[in-house]
Amino acid sequence: MSPAAATQKLVHSEKSLYREVFVYEDGNTRCLCFTRLCTIGRQTCIDLKQPDRLVFEYTQMMLGALYLNPDPHSILIIGLGGGTLPRTLEKLLPEADIDVVEIDPAVVAVAGQYFGFRQDERIHLTVQDGRAYVRQALRASKRYELIMLDAYEHQYIPEHMLTREFLTEVRSLLQPAGIVAANTFSSSRLYQNESVTYRSVFGQFYNLRSGNRVILAANGPLPSLDEAARNSHHFTTAFEPYGFAAPTILAMFSTKADWDPSARVLTDQYSPSNLLNGPP
Amino acid sequence: MYRGLLYLIAGWSGFFVMAIELLSGRLLAPYFGSSIYVWGAIITVFMLALSLGYLWGGRASLHAPSLKRLALILLAAAVTTLPVLLLGDPLLERLSAVLADPRFGSLAAAALLFFLPTCISGMVSPYAVRLLVADKASAGHLAGKLYFVSTFGSAAGTILTSFYLVLYLEVNQILMLMLTVSAIVGVLTWLRPPPAPA
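Protein chains in written order, with the working numbering: chain H, 1 to 280; chain E, 1001 to 1198.
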């Protein structure tokens, strides 16, 4: 990232109610950032020459959810970013209906102008707080086969969306065999609290770690690694245009509990996620 | 000593209001989210409640003002915060079902739960000014000092709650702690023997 900072140029910036949204270009890469110069917190990047290619490893890891349920028909994505996940899922899954929730209208505008995000008959966008949406969807008896949580950033975590109560609501919003995929954090003290919080709601889950961390959990019993491996074969060719190999993601699946089990569970009453994510 | 107590009460009341305001965001977030509308609604309700509290606190100071009555105001603010602890969640649950709009839902929620304790807390400062001031010449000086401790207390309540208390305690535990401090300060003030006649 550091050598790139010298050559990148600012293409667009937009002040929103929550932050300033920046679009930078560097050669063939265009990125959506929430910080000036993109020093940290790149939200989405696309390759302008190969727009399908998934530039970020975490988006590839999020698609690992399809190894646990290869053909979800109803998907909820909380957090739009540049819209890479809905765009990719729409192409991969011709049967899927995708609901996207994004709190910030400016992000929606930039995703449309610079990252090719479009609503259509299969992608529906709601501009709303993610947790408020989940509660309303529960009340309306909606259910999803796959829910993706992509609302966390390094600079700011919506604390009400990282609690036992919220995850319980998310779980209730899943169909019996539904899957949740969460793009979270791999470092800081918060790793411990986040892990025990997911554990308290979902029991065992798959933990995918590299520079990022993705949690894959199930409403019903967690599908076995064998089953995940079998499902991953369906995607060997399907993932090719997106620039990554299905087995690479499978190799990251781990159920090892590499955290401190005595860490404090995050709840609506106790949720200092941003403090825990800061320096100790 | 007498004046010190008045400053303490005003400072604590400032602390109390801002700590509650911060925590109110936490309490509303599960039901209405934490969008800018929710914070807008919370701040509106607190400002409106304080402004009316100043008005009524000043008016209340016209009739037989006493330290005992000021203690009662402080205790009343604490007691009217109890519904937040006891009824907060069921009320927010109902309200968010009826009024799902994040603007008016959170405005109604903040008004129902926080208007009364904040308004009563707002009465403290003008009432305390009345007890402090003995002559016209020193009125501005003393009022200035009282605003200072009250707003300084608010700053302290904000930073301590948001940086530290939430890291160690649950929201309801922090509320309980605040109510306990208010109760202790209020009761001790009530029990204090009246100042010897000059």
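Virtual Cβ for every residue (Gly too), placed ideally from N, Cα, C.
Beta-carbon spacing of N219/H, L174/H below 8 Å: The Cβ atoms of N219/H and L174/H sit closer than 8 Å to each other.
Do you know how far the Cα of R53/H is from the Cα of F239/H? When rounded, the distance between both Cα atoms is 9 Å.
Please report how far the alpha carbon of D71/H lies from the alpha carbon of L85/H, in whole angstroms. So the alpha carbons of these two residues sit roughly 15 Å apart.
The region 138–152 of chain H contacting the region 63–80 of chain H, beta-carbon criterion three pairs below 8 Å: Counting Cβ pairs under 8 Å, three or more are found: they touch.
Beta carbon of V1045/E nearer than 8 Å to that of A1100/E: In this structure, the beta-carbon distance from V1045/E to A1100/E does not fall below 8 Å.
State yes or no: is the beta carbon of L1167/E nearer than 8 Å to at least one beta carbon in chain H? Answer yes: the Cβ-Cβ gap between L1167/E and chain H drops below 8 Å somewhere.
At a CB distance below 9 Å, what residues from the region 147–159 of chain H approach chain A? Give them in sequence order. Here chain A cannot be found, since the structure's protein chains are H and E.
Distance cutoff 8 Å, beta carbons only. Does P3/H sit that close to anything in chain E? For P3/H, the pLDDT reaches just 47, beneath the cut-off of 50, and the residue's location in the model is therefore unreliable, although a value from the coordinates is still provided. Closer than 8 Å: no.
Could you check where the beta strand (DSSP E) with D1089/E kicks off and where it finishes? Run containing D1089/E: none in the beta strand (DSSP E); it sits in the alpha helix (DSSP H), 1082–1098.
Can you name the residues of chain H whose CB is closer than 7 Å to the CB of S1035/E? Those are I103, D129, listed as they occur along chain H.
Output the boundary residues of the beta strand (DSSP E) element that contains K9/H. 9–15 is the extent of the beta strand (DSSP E) around K9/H.
Report yes or no: is there a C-beta of chain H within less than 8 Å of the C-beta of E1170/E? True, the Cβ-Cβ gap to chain H drops below 8 Å.
Which runs of the alpha helix (DSSP H), 4 residues or longer, sit entirely within the region 1167–1195 of chain E? Complete alpha helix (DSSP H) runs here, min 4: 1171–1191.
Between the alpha carbons of T163/H and T1189/E, how many angstroms are there, rounded? Cα to Cα, the separation comes out at about 40 Å.
Chain H contacts made by the region 1071–1098 of chain E, where a contact means CB separation under 7 Å: Cβ contacts with chain H come from S1096, A1097.
S74/H, enclosing beta strand (DSSP E) - first and last residue: Looking at the DSSP string, the run of the beta strand (DSSP E) that includes S74/H is 74–78.
Kindly list the residues whose CB is nearer than 8 Å to the CB of L1075/E, restricted to its own chain and excluding five residues on each side of it in sequence; keep chain order. Excluding positions up to five away in sequence, the list reads S1182, A1183, G1186, V1187, W1190.
From the beta carbon of A1100/E, is the nearest beta carbon of chain H less than 8 Å away? Chain H has a Cβ within less than 8 Å of the Cβ of A1100/E.
With a floor of 4 residues, list each alpha helix (DSSP H) that falls wholly inside the region 1017–1071 of chain E, ordered by position along the chain. Whole alpha helix (DSSP H) segments, 4+ residues: 1036–1060.
Pairwise C-alpha distance: Q136/H and L125/H: Distance between the alpha carbons of L125/H and Q136/H: 15 Å.
Checking contacts by CB at 8 Å: is A1029/E closer than that to chain H? At least one CB atom of chain H sits nearer than 8 Å to the CB of A1029/E.
Counting only C-beta atoms, is D268/H closer than 8 Å to chain E at any point? True, the Cβ-Cβ gap to chain E drops below 8 Å.
Is the beta carbon of A182/H closer than 8 Å to that of V214/H? The answer is yes: Cβ separation under 8 Å.
Tell me whether the region 1041–1060 of chain E and the region 1015–1031 of chain E touch, counting them as touching only if at least three CB pairs, one residue from each stretch, are closer than 8 Å. Between the region 1041–1060 of chain E and the region 1015–1031 of chain E there are three or more C-beta pairs closer than 8 Å, enough to call the two in contact.
CB contact check: F1104/E to chain H, cutoff 8 Å: No - not a single Cβ of chain H is within 8 Å of the one on F1104/E.
Buried or exposed, going by whether 16 or more other CB atoms sit within 10 Å of the CB of M62/H? Counting every other CB atom within 10 Å of its CB across the protein chains shown gives M62/H a total of 16 or more, marking it as buried.
Work out the CA separation of G1144/E and E153/H for me, nearest whole Å. Rounded to the nearest angstrom, the gap between the Cα atoms of E153/H and G1144/E is 43 Å.
Does the region 1146–1162 of chain E come within contact of the region 1087–1095 of chain E, defined as at least 3 CB pairs closer than 8 Å? Counting Cβ pairs under 8 Å, fewer than three are found: no touch.
Using the three-state DSSP reduction, which class does P1117/E fall into: helix, strand or coil? Assignment of P1117/E by DSSP, reduced to helix, strand and coil, places it in the helix class.
Through-space distance from H160/H to L1167/E, alpha-carbon basis: Cα-Cα distance, rounded: 15 Å.
Would the C-beta of T163/H count as close to the ligand HEM, meaning under 7 Å from any of its heavy atoms? Absent from the structure shown: the ligand HEM. Ligands present: none.
Span of the beta strand (DSSP E) around Q175/H: Membership of Q175/H in the beta strand (DSSP E) is indicated by the continuous run 174–183.
For I249/H, the first and last residue of its enclosing beta strand (DSSP E): No beta strand (DSSP E) holds I249/H; the alpha helix (DSSP H) holding it covers 246–250.
Find the residues of chain E that neighbour L17/H, judging by a C-beta separation of less than 7 Å, and give them in chain order. Correct list: I1036.
Would you kindly check if the distance between the Cβ of Y1164/E and the Cβ of P1065/E is under 8 Å? Contact: no.
Output needed for Y1007/E: all residues of its chain with C-beta closer than 6 Å, excluding positions within five of it in sequence on either side, in chain order. Cβ-Cβ distances below 6 Å link Y1007/E to V1149 in the same chain, with the five nearest sequence neighbours on each side left out; the list follows chain order.
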